[in-house]
Amino acid sequence: MSPTSCARLRDARALAALGLAAGIAVPAALLGGPQAVAHPTPASLAAGIAADAAADEQPTCGDPGAEEFPVEARIQEAPTTYASGGGYGIWFLDLTNTTDAACHALHPVLVLNDEDRKLTTGQIQLKFSEPGRPGTEHRVTWETTDRHEQIGVFDGDPGSTAADDFLGFTVPAGATVSVRVEMAFASDTAPGRVTAHAAVVQRRHQDKAKGGGREDGDWVGESGAYRFVIVDGVTGEYPRPEATDEDRDGRTDVPAEPRPRTEPTSAAPTPTRTHTSAPTPDHTGPAKEPAPHPS
Numbered sequence: 626m627s628p629t630s631c632a633r634l635r636d637a638r639a640l641a642a643l644g645l646a647a648g649i650a651v652p653a654a655l656l657g658g659p660q661a662v663a664h665p666t667p668a669s670l671a672a673g674i675a676a677d678a679a680a681d682e683q684p685t686c687g688d689p690g691a692e693e694f695p696v697e698a699r700i701q702e703a704p705t706t707y708a709s710g711g712g713y714g715i716w717f718l719d720l721t722n723t724t725d726a727a728c729h730a731l732h733p734v735l736v737l738n739d740e741d742r743k744l745t746t747g748q749i750q751l752k753f754s755e756p757g758r759p760g761t762e763h764r765v766t767w768e769t770t771d772r773h774e775q776i777g778v779f780d781g782d783p784g785s786t787a788a789d790d791f792l793g794f795t796v797p798a799g800a801t802v803s804v805r806v807e808m809a810f811a812s813d814t815a816p817g818r819v820t821a822h823a824a825v826v827q828r829r830h831q832d833k834a835k836g837g838g839r840e841d842g843d844w845v846g847e848s849g850a851y852r853f854v855i856v857d858g859v860t861g862e863y864p865r866p867e868a869t870d871e872d873r874d875g876r877t878d879v880p881a882e883p884r885p886r887t888e889p890t891s892a893a894p895t896p897t898r899t900h901t902s903a904p905t906p907d908h909t910g911p912a913k914e915p916a917p918h919p920s
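Quick look at the structure:
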C-alpha cells in the first residue's frame with residue numbers, strides 16, 4: 626500500500642465510536658471492494674479529531690506516517706463452504722503487532738461482499754472469543770452499506786454492563802494474538818459466493834469523566850481476501866457456476882507462516898485447532914455446533 630493511500634485511510638479515522646454511518650464507504654476503499662470510493666473527511670470533523678487526539682492518553686499504535694500498517698491481520702484455517710441453517714464454521718483471526726510497543730484497544734471489522742447481493746444482516750451469525758478469558762464470547766452486530774456490504778464490528782455486546790464491556794484486544798510488541806471466530810448462516814440464506822476481508826481499528830477511548838464519550842479510531846491493519854461459498858443446507862445446491870475443486874477442498878486462501886500465539890491477559894491455553902475437511906453438499910454444515918435460527 627502506498628504512503629498516500631495509507632495516509633488517506635488513516636485520516637478517515639472518523640468512525641465516531643465505530644458507528645458506521647459516518648464512515649460507511651471507508652471499508653470498501655480500504656479493502657479494495659467493488660465500486661470503492663473514498664469519501665473525504667469534513668474539515669470540521671478532522672479538526673475536532675486532531676484536537677481530541679492531542680488530549681488522548683492512549684498511545685497510538687505505530688507511526689501514523691508510516692507506509693505500512695502496524696498490525697498484520699490474517700484469516701487462518703477458515704472453511705471454504707458453509708451450509709445455510711448448518712453449524713458454525715470455526716476459524717481464527719491472527720493479529721500481529723509489527724511495532725516495538727504494545728497496541729491496545731484493537732477492534733477488528735469484518736466486511737462481507739456476496740456476488741448476488743442477497744445476503745442480509747439478519748442471516749449472519751458471528752461470535753468471537755477473548756483470548757485468556759475461556760467461556761467469554763461476544764456476538765457481532767451487522768450493518769448494511771449502500772453498496773450492500775455487510776459490516777460487523779468486533780465490539781461489546783449491545784446492552785452489556787460496564788464490567789462486561791469489550792474494550793478491544795491488546796497485542797504486545799512483536800507478538801501475535803489469535804482470536805477464535807465462529808460464523809454461520811441462517812436457514813433462509815440463498816446459495817452464493819462471498820468474499821470477506823478484515824480491517825483492524827484502534828479505538829481511542831476518551832475519559833467520560835472529562836466530558837468524553839465519543840470514541841474515534843485509526844485504521845491500523847487489514848487482511849487478505851477470504852473467499853467461501855454458501856450452499857443450501859437442505860438440497861445441497863451450490864451457487865452457479867458449479868463448485869470447483871478449490872471450493873470443495875482446503876480451508877483458506879489466505880495462507881500465512883505459523884506464528885507464536887500470545888495471550889497477554891491469561892495463562893489459559895490457546896483453543897485447540899482441528900483440521901477438518903469442508904462438508905460435501907449433503908452435510909448440514911462445516912461444524913457440529915448448531916446455529917441459532919433468526920429471531
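Our numbering puts the first residue of the sequence shown at 626, with every later residue one more than the last. Using N, Cα and C, we set each Cβ at its ideal position, and we do this for glycine too.
Using CA coordinates, which residue listed in the options is at the minimum distance from residue i?
| i | options | result |
| --- | --- | --- |
| valine 854 | Thr814, Val826, Asp843 and Ser848 | Thr814 |
| histidine 822 | Val778, Thr795, Ala691 and Gly710 | Val778 |
| threonine 745 | Glu774, Ala730 and Glu755 | Glu774 |
| serine 848 | Ile776, Ala800, Arg818 and Pro733 | Pro733 |
| proline 816 | Asn738, Thr724, Thr801 and Lys743 | Lys743 |
| alanine 730 | Leu792, Asp739, Thr769 and Trp767 | Leu792 |
| arginine 699 | Ala726, Leu735 and Arg758 | Leu735 |
| alanine 800 | Phe694, Ala727 and Asp790 | Ala727 |
| arginine 818 | Leu737, Asp725, His763 and Thr770 | Leu737 |
| threonine 825 | Pro864, Tyr863 and Ile776 | Before going further, note that residue 825 is valine rather than threonine in the sequence given. It is Ile776. |
| glutamine 701 | Ala850, Glu862, Trp767 and Arg829 | Ala850 |
| aspartate 739 | Phe810, Arg829 and Gly861 | Phe810 |
By DSSP, does residue i sit in helix, in strand, or in coil?
| i | result |
| --- | --- |
| threonine 820 | strand |
| threonine 746 | helix |
| phenylalanine 853 | strand |
| proline 689 | coil |
| phenylalanine 779 | coil |
| valine 859 | coil |
| threonine 721 | strand |
| aspartate 843 | strand |
| serine 803 | strand |
| alanine 809 | strand |
| histidine 773 | coil |
| glycine 710 | coil |
| alanine 726 | coil |
Suppose contacts are defined by Cβ-Cβ distances below 9 angstroms. Is residue i in contact with residue j by that definition?
| i | j | result |
| --- | --- | --- |
| valine 696 | serine 754 | no |
| methionine 808 | glutamine 748 | no |
| valine 859 | serine 812 | yes |
| alanine 703 | glycine 712 | no |
| aspartate 741 | proline 866 | no |
Whole-angstrom Cβ separation of residue i and residue j, contact assumed at under 8 angstroms?
| i | j | result |
| --- | --- | --- |
| valine 845 | glutamine 827 | 5 angstroms |
| threonine 820 | arginine 772 | Not a contact, Cβ separation roughly 13 angstroms. |
| aspartate 843 | threonine 685 | 7 angstroms |
Count Cβ pairs between the segment 701 to 710 and the segment 788 to 797 that sit closer than 8 angstroms; are there 3 or more? At 8 angstroms Cβ cutoff, the stretches do not touch.
When the Cβ atoms of the segment 710 to 720 are set against those of the segment 682 to 692, are three or more pairs found closer than 8 angstroms? Proximity of the segment 710 to 720 to the segment 682 to 692 falls short of the contact definition, fewer than three beta-carbon pairs being nearer than 8 angstroms.
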